[in-house]
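To start, the structure under review is shown below, and the notes come after it.
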Amino acid sequence: MTKAISTGLILWSLLGYTPPTRLAKSQVDLPQNQQVFWQELQKLCGKAYQGTLVTAPANDTTYTNKTLLLHIRACSDGQIRMPVVVGNDYSRT
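Listed below in structure tokens is the structure:
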């Protein structure tokens, strides 16, 4: 470990810094409407939906005349991954 990294870690621990985690809040900690939304979204896991652009700003042609495909995948209690395909571009999740 380099001196700069170890010094930074020491300072963080002295200041009580806790790095953020990727863990979501427990379902019971969420308001009821958010719990219902999450449960309904999880029911869609494994499905895909095709669509097209309805409206966009006049100067934004990113999605114009392209097929949009939303996959609802990798559903867990704390995370739902939804890749979006725009035309032949598979880079969005």
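Be aware that the sequence shown starts at 51, since it is given in my numbering, and climbs by one per residue.
Glycine included, C-beta positions come from ideal geometry on N, C-alpha and C.
Fair warning: this is a prediction, and the values are worked out from it, not measured in the lab.
Beta bridge counterpart(s) of residue i as assigned by DSSP
i      : result
Val134 : Leu120 and Arg142
Tyr99  : Leu120
Inter-residue spacing [alpha-carbon to alpha-carbon] between residue i and residue j
i      : j      : result
Trp88  : Met132 : 13 angstroms
Pro107 : Thr114 : 11 angstroms
Ile130 : Val136 : 19 angstroms
Arg142 : Leu118 : 11 angstroms
Leu80  : Leu91  : 15 angstroms
Leu94  : Val86  : 13 angstroms
Val104 : Asn138 : 19 angstroms
Tyr140 : Ser126 : 22 angstroms
*Would you check if the segment 117-136 and the segment 80-98 touch, i.e. whether three or more CB-CB distances between them fall below 8 angstroms?*
yes
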